[in-house]
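Counting with our numbering, you get residues 666 to 1187 for the letters of the sequence shown. One structure is given here, and the rest of the page talks about it.
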Amino acid sequence: MYSQIIKNALLIDGSGSPERHCDIAIQDDKIVAIADKIETSSHEFIDAKGKIVAPGFIDTQNHSDSYWQLFDNPSLNSMIAQGYTTVFTGQCGASLAPLLSQEALLSLQKWHNLEGTNINWQTFGEFAGAMSERRFGCNIASFVGYSTLRRGLKGDNTEPITNEELKALKQALHNAIDQGAFGLSTGLAYSHEVRTSDLELYELAEVLKATNTSMSIHLRDEGESVVESVREAIAIAQRAEIPIKISHLKICGSKNWRMTSEVLAELDNAWHQGVRIHYDAYPYTSIWQVLYKYLPTWAIQGGRHVMLNHLHNPTQRNKILSYLNEHGDIKNLIIASTSAGLHVTGKSIGKLAADMEVSSEEALLNIVENGGSEISVFDNCLDEGSVAELTNHPLSFIATDGAGFPLKSQRDKLVHPRCFGTAPKFLRGVIDSGKISLPEAIRKLTSAPAAAMGLSNRGTIKAGNFADLVLFDPQTIRDRATTSNPYQYAEGIEAVWVNGKIAVRNGRPVEILAGKFIRKNT
């Protein structure tokens, strides 16, 4: 007798192969049989007639750790409700381990207020052990953040790494990978990595090559220098002979949208030359990022304390204001959240500037000064056509760049709608446009990221793999979340299985935590 049998499924197995009708049997946490008809008895039968069964989606770019949702909301409701059954955390240079000193966790403060945080681990192995004792709504894997490593060693000092320091960082990275980390992530646009040299990255990549792991790169620039930034990522992958994933690839700013074809041409050429490079993207035209990134690079180097000193110096403040005047329109930025309890959530910089009777540039600096360490904004700076090209391209994965939040609205905090609707929005677009096939779209959500990230026994539906599955209706699947009302589950996701347990029924998460922490090579 099987645990469950899914009857009359239209199976899309994740490999890119055409769909087919079949039954699927689950025993405990594994898929044990796939056949045209399975007549064996079962504890539960699920009729999937008219619906598609696909592998559980894999999110290669997730911040449920840095937004602290692993602890505040381990159900990760908005992830499983849209079909993601495994998420990769430790992204954009920030991870929860290893902690080489008390300063290491400061790399997270741009996303979450760390006041009162209680940590009972230092090494990645200790962190993995602590996480393995917990259960989550979906499976969790983690990279090591380079800013976390670097700040753990050097604090807020952004001076170049010495040879001895580099040796220590390489050893710490190697230890973390031995203890289950999937690779290294960088956040080259953030204040403590903007001065990271290619030499540092090449040296760290040696560890990744030796351990058969990968690098996840947040580009130095996603605007006017995006092509050069992509070339840097390609050069690292080529020289170090390692797989690289570019995080949340996008082209910001209307004057730069024309570069989309050039970026994709660079990636295509590299791939055809044998470079192992992919990227993830999300199907939205707005971005969600920290407010200080709109300041010039020199003003944010060294961390928040140094940045505030610049803002309090009249000469430096005027230089920053001049920079803001010359670099784009900021009045339409929408405040998503602050950590200082300011009553500005959902308001535009332009509206706040009018209320303050100052310029939009001055209002932005006032919010940076008084909003606390975590201030995020929405910026509608992407082109719909460019986004479609990026998400449909063969080298892309579809990732949220979000976190798992509960449905209950938080009055003082808006989250990006991609936290609730990324996969359904992408699938709706594929079904309606026909630009790529549905099996190819599912492959980009499942087997392709699993292979690139080194994830075993997930990403395809076959006997012996873990029973991470999504049942959805291709007629009704769509996202519902918006920037003004993001706390809305998608439609059309009928059921989700995590390690053989039904975690979503009738489109809503149930009270079960079946996800576990996954270590590399386990």
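In this text, a Cβ means the ideal position worked out from N, Cα and C, and glycines have one as well.
Measure the C-alpha to C-alpha separation of Ile1177 and Leu989 and round it to an integer number of angstroms. Translated into positions along the sequence shown, residue 1177 becomes position 512. Translated into positions along the sequence shown, residue 989 becomes position 324. In a straight line, the C-alpha of Ile1177 is about 48 Å away from that of Leu989.
So, under 8 Å CB-CB, His857 and Gly968 are touching, yes? Tell me the CB distance rounded to an integer number of Å. Translated into the one-based positions of the sequence shown, residue 857 becomes position 192. Translated into the one-based positions of the sequence shown, residue 968 becomes position 303. Indeed they touch by this definition, with Cβ atoms about 7 Å apart.
What residue range does the beta strand (DSSP E) around Arg1145 cover? Looking up residue 1145 in the sequence shown gives position 480. Run containing Arg1145: none; DSSP gives neither H nor E here.
Supposed close pair Asp945, Thr725 - CB separation, criterion 8 Å: Position 280 of the sequence shown, counted from the start, is the residue given in the question as residue 945. Position 60 of the sequence shown, counted from the start, is the residue given in the question as residue 725. Rounded, the Cβ-Cβ distance is 5 Å, consistent with contact.
In angstroms with no decimal places, state the Cα-to-Cα distance between Ile899 and Phe847. Start at 1 with the first residue of the sequence shown, and residue 899 comes out as number 234. Start at 1 with the first residue of the sequence shown, and residue 847 comes out as number 182. Taking the straight line from one Cα to the other gives about 20 Å.
What separation, rounded to the nearest whole angstrom, lies between the Cα atoms of Ala690 and Leu741? Your numbering for residue 690 matches position 25 in the sequence shown. Your numbering for residue 741 matches position 76 in the sequence shown. In a straight line, the C-alpha of Ala690 is about 26 Å away from that of Leu741.
Any idea if Ala1128 is buried or exposed, counting beta-carbon neighbours within 10 angstroms, 16 or more meaning buried? Locating residue 1128 in the sequence shown gives position 463, counting from the first residue. Exposed, since its Cβ has fewer than 16 Cβ neighbours within 10 Å.
Taking just the CA atoms, how far does Glu1049 sit from Leu838? As a position in the sequence shown, residue 838 is number 173, starting the count at 1. As a position in the sequence shown, residue 1049 is number 384, starting the count at 1. Those two C-alpha atoms are separated by around 38 Å.
Rounding to the nearest angstrom, what Cα-Cα distance links Leu814 and Ile711 in this structure? On the sequence shown, residue 814 is found 149 positions in, with the first residue counted as 1. On the sequence shown, residue 711 is found 46 positions in, with the first residue counted as 1. Each residue's alpha carbon lies about 47 Å from the other.
Would you mind sorting Pro979 into buried or exposed? The rule is 16 or more other CB atoms within 10 Å of its CB. Sequence index remark: in the sequence shown, residue 979 carries index 314 (1-based). Exposed, since its Cβ has fewer than 16 Cβ neighbours within 10 Å.
Roughly how many angstroms lie between the CA atoms of Gly1006 and Val955, to the nearest whole one? One-based indexing of the sequence shown puts residue 1006 at position 341. One-based indexing of the sequence shown puts residue 955 at position 290. Computed Cα separation, rounded: 16 Å.
Does the distance from the CB of Ile1126 to the CB of Ile699 come in under 8 Å? What you label residue 1126 is simply residue 461 of the sequence shown in a count that begins at 1. What you label residue 699 is simply residue 34 of the sequence shown in a count that begins at 1. Contact: yes.
Per DSSP, Gly810 is paired with what? For the purposes of this step, residue 810 is taken as the residue at position 145 of the sequence shown. The partner list for Gly810 (beta bridge, DSSP) reads Ser850.
C-beta contact flag for Ala806 and Ile1183 at 8 Å: Locating residue 806 in the sequence shown gives position 141, counting from the first residue. Locating residue 1183 in the sequence shown gives position 518, counting from the first residue. Yes, they are a contact pair.
Does DSSP put Gly721 in a helix, in a strand, or in coil? In the sequence shown, counting from the first residue as 1, residue 721 sits at position 56. Of the three classes helix, strand and coil, the one that applies to Gly721 here is coil, per DSSP.
How many Å lie between Ser1112 and Glu684 at the Cα? Here the question's residue 1112 lines up with position 447 in the sequence shown. Here the question's residue 684 lines up with position 19 in the sequence shown. Their Cα atoms are separated by approximately 15 Å.
What does the alpha-carbon distance come out to for the pair Lys832 and Asp1133? Against the sequence shown, residue 832 aligns to sequence position 167. Against the sequence shown, residue 1133 aligns to sequence position 468. So the two alpha carbons sit approximately 40 Å from each other.
Could you give the residue range of the beta strand (DSSP E) that holds Asn673? Walking along the sequence shown from the start, residue 673 turns up at place 8. Counting along the chain, the beta strand (DSSP E) containing Asn673 begins and ends at Tyr667 to Leu676.
So, for Ala870: in the same chain, excluding its five sequence neighbours on each side, which residues have a beta-carbon less than 7 Å away from its beta-carbon? Indexing the sequence shown from 1 puts residue 870 at position 205. The residues are Met880, Ile901, Ala905 and Ile907.
Start-to-end residues for the alpha helix (DSSP H) that takes in Cys1084: The residue given as residue 1084 occupies position 419 in the sequence shown. That run of the alpha helix (DSSP H) goes Arg1083 to Ser1098.
Apart from the five residues on each side of it in sequence, which residues of its chain come closer than 6 Å, Cβ to Cβ, to Lys1100? Taking the first residue of the sequence shown as 1, we reach residue 1100 at position 435. Within the same chain, Lys1100 has close Cβ partners Asn1057.
So, using beta-carbon positions, are Val1141 and Pro1082 closer together than 8 Å? As a working mapping, residue 1141 is identified with position 476 in the sequence shown. As a working mapping, residue 1082 is identified with position 417 in the sequence shown. The identity of residue 1141 in the sequence shown is Thr, whereas the question assumes Val. No, they are not a contact pair.
Nearest-angstrom Cα separation, counted from Thr823 out to Leu765: For the purposes of this step, residue 765 is taken as the residue at position 100 of the sequence shown. For the purposes of this step, residue 823 is taken as the residue at position 158 of the sequence shown. About 16 Å.
Is there contact between the segment 1030–1048 and the segment 706–722, where contact requires at least three CB pairs shorter than 8 Å? no
Is there a C-beta anywhere in chain D that falls below 8 Å from the one on Trp936? No chain D is present in this structure, which holds just one protein chain.
Check Ser760 in the structure and name its three-state DSSP category. Against the sequence shown, residue 760 aligns to sequence position 95. Three-state result, Ser760: coil.
Would you kindly report the start and end of the unbroken beta strand (DSSP E) that includes Lys714? Looking up residue 714 in the sequence shown gives position 49. That residue, Lys714, is in no beta strand (DSSP E); it is neither H nor E in DSSP.
According to DSSP, Met924 sits in a beta bridge with which residue or residues? If you number the sequence shown from 1, residue 924 lands on position 259. According to DSSP, Met924 bridges with nothing at all.
Would you check if the distance between the CB atom of Asp1138 and the CB atom of Gly1086 is smaller than 8 Å? Stepping through the sequence shown from its first residue, residue 1138 is reached at position 473. Stepping through the sequence shown from its first residue, residue 1086 is reached at position 421. Contact: no.
Quick check: what's the CA-CA separation for Gly1037 versus Met796? Here residue 1037 refers to the residue found at position 372 when the sequence shown is read from its first residue. Here residue 796 refers to the residue found at position 131 when the sequence shown is read from its first residue. Cα to Cα, the separation comes out at about 29 Å.
Got a sec, what are the start and stop residues for the beta strand (DSSP E) Gln1166 sits in? In the sequence shown, residue 1166 corresponds to position 501, counting from 1. Note on residue identity: the sequence assigns Lys, not Gln, to residue 1166. It spans Lys1166 to Arg1170 - the beta strand (DSSP E) in which Lys1166 sits, taken as one unbroken run.
Determine which residues share a DSSP beta bridge with Ile696 and list them. Walking along the sequence shown from the start, residue 696 turns up at place 31. Looking at the DSSP assignment, Ile696 forms a beta bridge with Ile691.
Starting from the N-terminal side, write out each stretch of the alpha helix (DSSP H) that is 4 residues or longer and does not extend beyond the segment 837–891. 863–876
From Asp1089 to Pro825, what does the alpha carbon distance come to, in whole angstroms? The residue you call residue 1089 lines up with position 424 of the sequence shown. The residue you call residue 825 lines up with position 160 of the sequence shown. According to the sequence as given, residue 1089 is Pro; it is not Asp. One C-alpha to the other measures close to 44 Å.
Less than 8 Å between the CB atoms is what I'm expecting for Thr1010 and Ser1002, so what's the real figure, rounded? Within the sequence shown, residue 1010 is the residue found at index 345, counting from 1. Within the sequence shown, residue 1002 is the residue found at index 337, counting from 1. Yes, Thr1010 and Ser1002 are in contact; Cβ-Cβ is about 6 Å, under 8 Å.
What separation, rounded to the nearest whole angstrom, lies between the Cα atoms of Glu1027 and Leu818? As a first step, residue 1027 must be located in the sequence shown, where it is residue number 362. As a first step, residue 818 must be located in the sequence shown, where it is residue number 153. About 35 Å.
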